[in-house]
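Chain order of the listed sequences is A and B.
The first sequence begins at 28 in our numbering and counts up one residue at a time.
The second sequence begins at 28 in our numbering and counts up one residue at a time.
Input: a single structure, listed below in structure tokens.
2 protein chains.
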Amino acid sequence: MRIGDLAEKSGLSTDTLRYYEKIGLIPRPLRDGGGRRVYDRTILRWIEFLDRLKATGMGIRDRLRYAELRTLGSASLAERRRMLEDHRRKVAADIARLTETLGVLDDKVDLYRRMEAGETVDPAFESCARTEHGAPPIQDSSSHDSSSGARPRADSGP
Amino acid sequence: MRIGDLAEKSGLSTDTLRYYEKIGLIPRPLRDGGGRRVYDRTILRWIEFLDRLKATGMGIRDRLRYAELRTLGSASLAERRRMLEDHRRKVAADIARLTETLGVLDDKVDLYRRMEAGETVDPAFESCARTEHGAPPIQDSSSHDSSSGARPRADSGP
DNA sequence: TTACGGGTTGGAGTGCACTCCAGGTCAAGC
DNA sequence: GCTTGACCTGGAGTGCACTCCAACCCGTAA
Numbered sequence: 028m029r030i031g032d033l034a035e036k037s038g039l040s041t042d043t044l045r046y047y048e049k050i051g052l053i054p055r056p057l058r059d060g061g062g063r064r065v066y067d068r069t070i071l072r073w074i075e076f077l078d079r080l081k082a083t084g085m086g087i088r089d090r091l092r093y094a095e096l097r098t099l100g101s102a103s104l105a106e107r108r109r110m111l112e113d114h115r116r117k118v119a120a121d122i123a124r125l126t127e128t129l130g131v132l133d134d135k136v137d138l139y140r141r142m143e144a145g146e147t148v149d150p151a152f153e154s155c156a157r158t159e160h161g162a163p164p165i166q167d168s169s170s171h172d173s174s175s176g177a178r179p180r181a182d183s184g185p
Numbered sequence: 028m029r030i031g032d033l034a035e036k037s038g039l040s041t042d043t044l045r046y047y048e049k050i051g052l053i054p055r056p057l058r059d060g061g062g063r064r065v066y067d068r069t070i071l072r073w074i075e076f077l078d079r080l081k082a083t084g085m086g087i088r089d090r091l092r093y094a095e096l097r098t099l100g101s102a103s104l105a106e107r108r109r110m111l112e113d114h115r116r117k118v119a120a121d122i123a124r125l126t127e128t129l130g131v132l133d134d135k136v137d138l139y140r141r142m143e144a145g146e147t148v149d150p151a152f153e154s155c156a157r158t159e160h161g162a163p164p165i166q167d168s169s170s171h172d173s174s175s176g177a178r179p180r181a182d183s184g185p
């Protein structure tokens, strides 16, 4: 498999593949007679996994570290496992945050829909509506909830 | 509230707050006699919401657009709603992907744990193990699964 | 044999999202 | 009056993750 084929199969550009090789994310492949890179299919699985780590928010430093450990073979198993466990925790936390946000978005969409329909907004949502309305600069200190916390929405599940 | 207080309350740096103002993410605040920014508490809700959009993967362009729409008041309600609906879809897709990854990570951690214990790895996981082992370059075409697809793991639930 | 399509290299450029800095102003406390 | 600390401005610098480019090489089909 040459770089063009791998690019097509992996969804990365040839430039990106060469870049990943340069920084050490993927191993240097063999070359053919003409000096061109020849990849073996197993690289695809690795690229896919890297992509997954990236897509779930693992930065390049950690991916590099993981790639480096991988080249050390089984001696690095425990550390790789620890890295994955750490990452798992982060992913779980992200899911929680995203799920919470789903609720916030649903609430807001709902509110906007009702406002579009010309409906008077429930006082419980006033602060939210005002915030999202391009609030004219009001600098009094008398709005109806205190400065920190007390958001009246946001935690109704997805 | 001056910029330092807002920084403390919002968790952003004063530099970041000024930067957000410069690019138009947050409205220009009033100034006191000495030319210093004076914020009203409502800005915190907006910053919080922006942060949520950012944390859930909305890029700066879209956040800017949303901020711009916000300044237009109720005339932009429908478009803002559409933006949020679009974003909601992306967030839902992200959750799905993250959840899938949680499963992949669990499988891998499991596998590593067993390998650390010196256990012989189930043939069904061989490809995975090989991939994650710093596979020596094999360029035959006879490994046990065909080039595309057929991953024996990764889709067992969260 | 020549054109072409795909490969090679090193290095420069891009876009995002800040972050830092120099050099200055201002208000309050000692 | 002077120092201190928070603030001001414009602009430069940073780190990530590519992305593009010029100039070259190689193998194959027409």
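Even glycine gets a Cβ: it sits at the ideal position worked out from N, Cα and C.
Just so it is clear, the structure is predicted and the values come from calculations on it, not from any experiment.
Check, Outcome
"For A:Arg58, collect the residues of the same chain with a Cβ closer than 7 Å to its Cβ; drop the 5 residues on either side in sequence, then sort them by chain order.", "Arg64, Val65"
"Would you mind reading off the limits of the alpha helix (DSSP H) that contains B:Met110?", "104–143"
"With DSSP collapsed to three states, give me the class of A:Arg29.", "coil"
"With three or more C-beta pairs closer than 8 Å as the rule, is the segment 117–134 of chain B touching the segment 82–90 of chain A?", "yes"
"Would you tell me roughly how many angstroms separate the C-alpha atoms of B:Arg68 and B:Tyr46, rounded to the nearest one?", "19 Å"
"Contact criterion: CB-CB distance below 8 Å. Does B:Pro164 meet it with respect to chain A?", "With a pLDDT of 35 at B:Pro164, under the threshold of 50, the modelled position of that residue is not reliable, and the figure given next carries that caveat. With 8 Å as the cut-off, B:Pro164 counts as an interface residue toward chain A."
"With a CB to CB cut of under 8 Å and the five nearest residues on each side skipped, what residues in its chain are close to A:Gly61?", "none"
"Would you list the one or two residues that DSSP bridges to B:Arg18?", "Since the first residue of chain B shown is 28 and the last is 185, residue 18 of chain B is not available in this structure."
"For B:Ile30, which residues of its own chain have a beta-carbon under 8 Å away from its beta-carbon, when the five flanking residues on both sides are left out?", "Thr41, Leu44, Arg45, Arg63, Arg64, Tyr66"
"Taking only beta-carbon atoms, is B:Tyr46 less than 8 Å away from chain A?", "no"
"At the 8 Å Cβ level, is A:Leu52 part of the contact set with chain B, yes or no?", "no"
"What are the residues in the segment 74–90 of chain B lying within 9 Å of chain A by C-beta distance?", "Glu75, Phe76, Arg79, Leu80, Ala82, Thr83, Gly84"
"Under 8 Å between the Cβ atoms of A:Val118 and B:Leu99?", "no"
"So, does the CB of B:Asp133 fall closer than 8 Å to a CB anywhere in chain A?", "yes"
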